[in-house]
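K.L.:
Here it is, the structure in full.
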Amino acid sequence: MLVVCSRYVRVQSEAEDLLQEGFIKLFRNLHTYRSEGSFEGWIRRIMVNICLQHFKQTIQNLPHITVDKLYEDLSFTDEPDIIEMINAEQLLTLIQELPPAYKAVFNLYVFEGLKHREIAEQLGIGEGTSKSNLQDARRLLQRKIARLNQEAKPIR
Amino acid sequence: MTTNDEHNRFDDTFRQRIERLELPPLPINLDRVRADTLALQLAKATQQIRWLRGIAGLLLLLIGGLGIGYQHYNSAIPIASPPTKLATLTKLDTVYLTRYITRTEKVIVPVYAGAHWSKNDSNPDADILNTRNLTNPNSNLAQNLPQSPGNNTNTPTTDEGNSTGTALGKTAQRMVPEDENSPNAQPEASPNSQQAAVEPLTSRGIKGYFTPRTIPAIRYKPAALAASKSSAPPMTMAQRLSVSVYTGKERSSVDIRRDQIDAFSYNGNERISSTSVYGIRMGVKLTRKLRVSVGYEDIDYTFESLNSQKLKLKPELIDSQPTFVYRSIFGSAIVPSQELSKPPLLTDDIVLENEDNHVAGYNRIPVTFRYDFWNRPIHRKGRKITDLTLYGSAGGFYGTPSHQKLNVELYESNGRDFYTTLTNFRNTSPIWGWNLSAGVELRLAKKIDFWIEPSYHSSFTSMVSDLPLRTFPRSIGLRFGLQYHLSK
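Now the structure itself:
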């Protein structure tokens with residue numbers, strides 16, 4: 066569950082706080098579990114909800130960053146299989162470094178398996194916005210991976 | 019490979035590689051939590067079942083009591099065997115009445131005292147009257163006393179000795195011709211008892227002489243007579259039943275217990291401006307003084323307006339939907355999203371203003387035991403005009419929330435404002451409580467009574483649930499109503 070929380074925040078200590086908060090909520094609401102679906106899935110859902118609440122509370126305090134500005138410092142690459150060469154911890158770090166809005170959409174779509182309509186309802190955004198945020202998140206991740214790859218290549 | 023396939027491959031790679039980082043919990047830990055959850059739910063269900071059992075038990079007792087009472091008093095027709103027992107009792111009465119006659123024998127003794135005066139041919143009363151110089155109008159009577167006992171020709175005055183006590187003792191035995199046939203008369207009239215009866219004559223002066231003439235007014239009720247007094251006829255079922263309709267006003271307050279710091283973010287005025295009650299109840303007399311009643315009450319708590327206080331609301335995720343929620347100490351109300359100009363976003367906010375009083379309605383089922391501790395007819399000019407009864411009652415009640423209403427004005431961030439009524443309050447809970455009251459009942463007509471009673475109600479469970487706070491209402495009030503007896 067710590068990994069679930071880590072995907073939604075930047076810092077590990079924040080993820081640990083969310084995990085703790087999630088378990089407090091879990092134990093306070095144990096009596097509301099209705100045995101519909103798996104117990105693990107229910108716990109995971111609580112953790113995701115806690116992370117989304119945290120996201121909503123923090124998003125208002127963050128400075129507005131435009132996508133263009135984010136693209137400025139990234140050079141384009143078309144190497145498709147670079148991702149295979151990066152380990153899981155690095156991939157998690159890349160996700161954590163995404164802007165909060167992209168991070169939320171990417172996590173909900175890729176890891177929680179929600180549709181764009183559901184993501185839009187959850188986050189209170191439009192369906193189109195969800196789609197474009199996902200595209201932007203993928204593009205950002207690809208470019209960051211490419212940059213990592215460039216840094217890792219020996220200088221000839 | 020299409021763009022979608024590339025995206026899917028990209029996503030799958032992320033998903034698979036990062037999910038490998040996750041350490042699944044040990045199955046034993048997960049099983050333990052799951053077992054704890056089930057145990058918790060079982061305990062909660064057991065607690066609910068216990069309450070239900072208690073209620074069912076009370077209802078069964080009530081129904082059983084009614085049934086037994088109905089059967090008992092409807093089958094109270096005399097049958098063959100009881101009269102035999104009654105005849106036996108009659109014989110016993112006769113024996114006791116004989117003893118009663120024996121007692122009256124003592125009354126006759128002073129009559130003989132007059133005879134004693136005639137024998138000595140001197141009037142001790144005259145001396146006493148002269149020495150004390152009394153002006154009692156009875157003094158003439160006192161002076162004439164010797165003539166009266168002298169007329170008693172049956173008195174054997176010459177055969178007796180000089181000892182007054184001895185003469186009285188012997189003569190007393192002859193002075194009871196009516197009782198001579200009674201087997202109990204002789205042993206009772208012993209010389210010692212005669213002596214005891216005469217003593218007042220010689221020691222009390224003139225008053226002692228006159229007292230015997232008033233003794234027949236002695237009030238003596240033999241125990242056998244009291245025991246044989248017929249008991250009140252049994253009440254029929256219709257005589258036991260009564261129905262009351264009533265209304266009342268109460269002065270209520272709420273006791274808020276904030277268990278967690280989050281509780282202070284819950285709004286709402288904690289002052290109840292008024293409480294009105296309308297109810298109906300049915301009573302069954304268990305005995306002549308004890309009655310149990312079950313009723314149904316509609317009660318409205320009206321909380322004071324917050325004097326146009328404005329609250330800023332942020333959306334919350336309810337059922338995966340951003341929703342504005344007004345959190346109050348009486349439950350959480352959802353602001354109807356369809357009345358907003360656009361579906362709420364997580365970044366939106368609205369301002370809510372209390373426009374009116376907050377009304378919370380409850381339906382209550384009281385079960386009350388009443389005891390009539392004072393009951394007297396009221397007379398006027400010698401004629402009974404009504405009956406007055408004072409009583410006290412105690413019991414419990416179960417209340418379930420029926421409705422809530424709060425009129426508010428909402429200000430959206432785009433400048434639009436509108437009025438709406440919040441009704442869909444959540445987190446409300448049934449309440450259990452107890453009540454005490456005392457009252458006065460006055461008969462208006464043969465079957466109709468008017469009653470008025472001050473009462474106190476207090477709940478010992480919260481009217482909200484699953485919130486970081488608990489709310490307990492209590493009230494003191496005055497109720498009045500009419501009671502109709504099915505038969506009287």
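In order, the protein sequences belong to chains A and B. Here the numbering used here is used: the first residue of the first sequence is 66, the next is one more, and so on. Here the numbering used here is used: the first residue of the second sequence is 19, the next is one more, and so on. Even glycine gets a Cβ: it sits at the ideal position worked out from N, Cα and C.
Rounded to a whole number of angstroms, what is the C-alpha to C-alpha distance between B:D484 and B:G75?
P.N.:
Each residue's Cα considered, the two are about 29 Å apart.
K.L.:
With distances taken Cα to Cα, identify the nearest neighbour of B:D435 among B:W452, B:E371, B:P448, B:K332.
P.N.:
Checked all of B:W452, B:E371, B:P448, B:K332; the closest Cα to B:D435 is B:E371.
K.L.:
Is any beta-carbon of chain B found at less than 9 Å from that of A:M112?
P.N.:
Cβ-Cβ to chain B under 9 Å: no for A:M112.
K.L.:
Consult DSSP for A:Q155 and reduce its assignment to one of helix, strand or coil.
P.N.:
Note: A:Q155 maps to helix in three-state DSSP.
K.L.:
State the start and end residues of the unbroken alpha helix (DSSP H) segment that holds B:G499.
P.N.:
Careful: B:G499 lies outside any alpha helix (DSSP H), inside the beta strand (DSSP E) at 487-503.
K.L.:
So who's on the other strand from B:Y264, going by DSSP bridges?
P.N.:
According to DSSP, which records beta bridges pairwise, B:Y264 is partnered with B:G297, B:G499.
K.L.:
Check the Cβ-Cβ distances between B:E357 and every residue of chain A, and say whether any is below 9 Å.
P.N.:
So, not an interface residue.
K.L.:
What are the partner residues of A:W107, as DSSP defines its beta bridges?
P.N.:
In the DSSP output, where bridge partners are listed per residue, A:W107 has none listed.
K.L.:
For B:R299 versus B:T407, is the C-beta spacing smaller than 9 Å?
P.N.:
Not in contact: B:R299 and B:T407 (Cβ atoms no closer than 9 Å).
K.L.:
Looking at the C-beta of B:R90, does it have a partner C-beta in chain A at a distance below 9 Å?
P.N.:
According to the sequence provided, residue 90 of chain B is His. The question's Arg does not apply to it. Output row for B:H90: interface = no.
K.L.:
Does the Cβ-Cβ distance between A:N114 and B:L335 come in under 9 Å?
P.N.:
Closer than 9 Å, so yes.
K.L.:
Does B:E430 come within less than 9 Å of chain A when only Cβ atoms are used?
P.N.:
Not closer than 9 Å to any Cβ of chain A, the Cβ of B:E430 fails to qualify, so no.
K.L.:
Measuring alpha carbon to alpha carbon, tell me which residue in B:E40, B:R68, B:N26, B:W392 is nearest A:E154.
P.N.:
Residue B:E40 is the option with its Cα nearest to A:E154.
K.L.:
Starting from B:Q339, trace the beta strand (DSSP E) in both directions and tell me its first and last residue.
P.N.:
It spans 339-346 - the beta strand (DSSP E) in which B:Q339 sits, taken as one unbroken run.
K.L.:
Going along chain B in order, which residues have a C-beta closer than 9 Å to the C-beta of A:A166?
P.N.:
Chain B residues near A:A166: none, gap ~11 Å exceeds 9 Å.
K.L.:
Do B:G451 and B:I470 come within 9 Å of each other at the CB atom, strictly closer than that value?
P.N.:
Cβ distance not < 9 Å, so B:I470 and B:G451 don't count as in contact.
K.L.:
Throw me the rounded Cβ distance for the B:G349 and B:T446 pair, which I believe falls under 8 Å.
P.N.:
Yes, they are in contact, since the Cβ atoms of B:G349 and B:T446 sit about 5 Å apart, within 8 Å.
K.L.:
Check for me: the beta strand (DSSP E) holding B:E315 runs from which residue to which?
P.N.:
Here the beta strand (DSSP E) through B:E315 covers 308-321.
K.L.:
Classify B:A61 as buried or exposed, calling it buried when 16 or more other Cβ atoms lie within 10 Å of its own Cβ.
P.N.:
It counts as exposed.
K.L.:
Examine chain B for any beta-carbon lying closer than 9 Å to the beta-carbon of A:N152, and answer yes or no.
P.N.:
At least one chain B Cβ lies under 9 Å of A:N152.
K.L.:
Determine the extent of the beta strand (DSSP E) in which A:K168 is found, giving its start and end residues.
P.N.:
First-last for A:K168: 165-171, but that is the alpha helix (DSSP H), not the beta strand (DSSP E).
K.L.:
So the candidates are B:A53, B:Y264, B:N393; which of them puts its Cα closest to the Cα of B:F468?
P.N.:
It is B:Y264 whose Cα lies nearest to the Cα of B:F468.
K.L.:
Check whether the Cβ atoms of B:K303 and B:Q257 lie closer than 9 Å to each other.
P.N.:
Yes, the pair counts as a contact, with Cβ atoms nearer than the cut-off.
K.L.:
Grouping DSSP H, G and I as helix and E and B as strand, with all else coil, what is B:P384?
P.N.:
Strand at B:P384.
K.L.:
For B:H475, which beta-bridge partners are listed by DSSP?
P.N.:
Looking at the DSSP assignment, B:H475 forms a beta bridge with B:N453, B:S493.
K.L.:
What span of residues does the beta strand (DSSP E) with A:V175 cover, start to end?
P.N.:
A:V175 -> no beta strand (DSSP E), and no H or E assigned at all.
K.L.:
Among B:L462, B:R497, B:M481, which one has its Cα closest to the Cα of B:Y474?
P.N.:
Per the Cα distances, B:R497.
K.L.:
With C-beta atoms as the reference, is B:R306 less than 9 Å away from B:M255?
P.N.:
No, Cβ-Cβ distance for B:R306 and B:M255 is not below 9 Å.
K.L.:
Determine the DSSP secondary structure at B:R461, reduced to helix, strand or coil.
P.N.:
DSSP places B:R461 in strand when its eight states are reduced to three.
K.L.:
Could you work out which residues of chain A lie near B:K330, taking near to mean beta carbons separated by less than 9 Å?
P.N.:
The premise fails here: B:K330 is roughly 13 Å from chain A at the closest Cβ pair, so nothing lies under 9 Å.
K.L.:
Counting only C-beta atoms, is A:Y174 closer than 9 Å to chain B at any point?
P.N.:
So yes, A:Y174 belongs to the interface.
K.L.:
In chain A, what lies closer than 7 Å to B:Q59 by C-beta?
P.N.:
Going along chain A in sequence order, the residues near B:Q59 (Cβ under 7 Å) are H96.
K.L.:
Where B:K399 and B:D405 are concerned, what is the direct C-alpha to C-alpha distance, given to the nearest angstrom?
P.N.:
C-alpha separation (whole angstroms): 15 Å.
K.L.:
List the whole-angstrom C-beta distance separating B:S480 from B:R492, where the pair is believed to meet the contact cut-off of C-beta under 8 Å.
P.N.:
B:S480 to B:R492, Cβ: 12 Å. No contact.
K.L.:
A:A80 lies in the alpha helix (DSSP H); which residues open and close that run?
P.N.:
Per DSSP, A:A80 belongs to the alpha helix (DSSP H) from 77-93.
K.L.:
Under 8 Å, with one C-beta from each stretch per pair, do the region 169-183 of chain A and the region 24-33 of chain B reach the 3-pair mark?
P.N.:
Because the criterion of three Cβ pairs below 8 Å is met, the region 169-183 of chain A and the region 24-33 of chain B touch.
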